[in-house]
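S.K.: In full-length UniProt numbering, the protein residues as written are 1 to 366.
A virtual CB, placed ideally from N, CA and C, is assigned to each residue, including glycine.
Dropping a structure here in structure tokens format, bear with me for questions.
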């Protein structure tokens with residue numbers, strides 16, 4: 001197999017993306033059923049998808065201006081991914097969190113595959129800065145931040161309602177932790193958007209960056225409000241909690257990279273673990289998939305080890321803390337498992353014809 005030189009890929013021209021994408025196109029990848037091989041056939045929980053669909057249809061009309069853009073967002077199937085991620089949250093909070101998930105894809109797509117994808121004139125910075133200011137002004141109203149007007153300049157108008165709802169039902173520290181995670185996520189997306197101008201990331205650097213830009217941490221933070229979780233501050237600061245969170249980020253991000261690979265290659269998007277492994281190791285796409293599955297397996301084992309460590313650490317706390325910690329662990333697993341189940345279901349990533357008979361593994365020609 002021919003290789004591509006570093007100088008070709010890391011020059012000032014974005015042409016390296018098309019070259020690397022072309023190298024992968026036409027190759028076939030076979031992805032195993034990791035629900036069985038890694039997660040040992042877990043129970044997959046699901047919330048009321050039909051309820052959320054009814055709530056989000058008006059949301060699309062309110063916040064997404066054209067029918068073409070609404071059709072694009074419907075391919076995400078936000079009600080389904082929300083039903084997996086917040087599988088046991090009551091309906092009143094589920095509706096709010098579904099709005100957050102719909103925002104997540106709308107906001108991110110503008111940079112990932114929309115009008116800002118190739119931006120190098122500062123529009124992405126303005127988009128991120130306005131979104132951060134708008135969201136913070138409603139989530140932390142006591143700061144009296146001057147807010148931009150709602151609209152397409154930042155795609156964050158839904159946080160008027162989200163911010164109001166999330167003022168109650170959690171501590172100020174928990175609310176602020178969520179806001180900090182949101183801001184960090186948006187800044188990481190901003191940084192990743194410019195990566196094509198720099199060149200191909202080192203594998204380790206990519207995984208670190210991808211773990212931040214996937215948006216898992218702010219989503220995990222919503223479980224505190226959604227489930228009414230109350231944990232001491234030392235638990236959130238514990239090394240094992242940081243490890244749990246990181247491994248959930250890695251697993252969700254890298255499986256998403258595998259599932260969305262064909263879609264991304266169509267747009268010459270190569271800021272993805274598979275092309276990066278292909279480039280750095282001079283291997284086939286299938287070999288890169290196999291390496292990524294090994295990373296996912298190790299990541300889940302690291303997650304379980306961190307769970308046991310922290311479970312032991314909270315064993316001396318009262319029953320409410322131990323119960324809430326278990327709810328948190330279950331919510332993390334809902335995200336890990338739900339991300340796989342959702343990715344295999346939506347037309348945004350894979351056609352039904354790509355799936356195996358069980359619907360849990362897939363084969364696709366890139």
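Quick check: the segment 54-61 against the segment 89-109, are there 3 or more CB pairs under 8 Å?
M.R.: yes
S.K.: Do residue 248 and residue 332 count as a contact pair if the criterion is CB distance below 8 Å?
M.R.: The answer is yes: Cβ separation under 8 Å.
S.K.: Measure the beta-carbon distance from residue 133 to residue 145 and round it to whole angstroms, keeping in mind my assumption that it falls under 8 Å.
M.R.: 6 Å
S.K.: Using the C-alpha atoms, what's the distance from residue 311 back to residue 305?
M.R.: 10 Å
S.K.: Is the beta carbon of residue 25 sitting closer than 8 Å to the one on residue 261?
M.R.: no
S.K.: Please report the distance separating the alpha-carbon of residue 190 from that of residue 254.
M.R.: Each residue's alpha carbon lies about 19 Å from the other.
S.K.: Pick from 192, 220, 157 and 48: whose alpha carbon is nearest that of residue 78?
M.R.: 48
S.K.: Alpha carbon to alpha carbon, how far is residue 17 from residue 343? Give it in angstroms, no decimals.
M.R.: 24 Å
S.K.: Helix, strand or coil: how does DSSP classify residue 283 here?
M.R.: coil
S.K.: How is the alpha helix (DSSP H) around residue 250 delimited, first residue to last?
M.R.: 239-259
S.K.: Taking the CB atoms as reference points, tell me whether residue 293 and residue 29 lie closer together than 8 Å.
M.R.: no
S.K.: Contact check, residue 139 vs residue 163 under 8 Å by CB: the rounded distance?
M.R.: 5 Å
S.K.: Looking at the strands, I want to know which residues DSSP matches up with residue 31.
M.R.: 362
S.K.: Using DSSP with H/G/I as helix, E/B as strand and the rest coil, what is residue 153?
M.R.: coil
S.K.: Sort 338, 257, 347 and 67 by Cα distance to residue 84 and report the nearest one.
M.R.: 338
S.K.: What residue range is occupied by the uninterrupted alpha helix (DSSP H) comprising residue 188?
M.R.: 172-193
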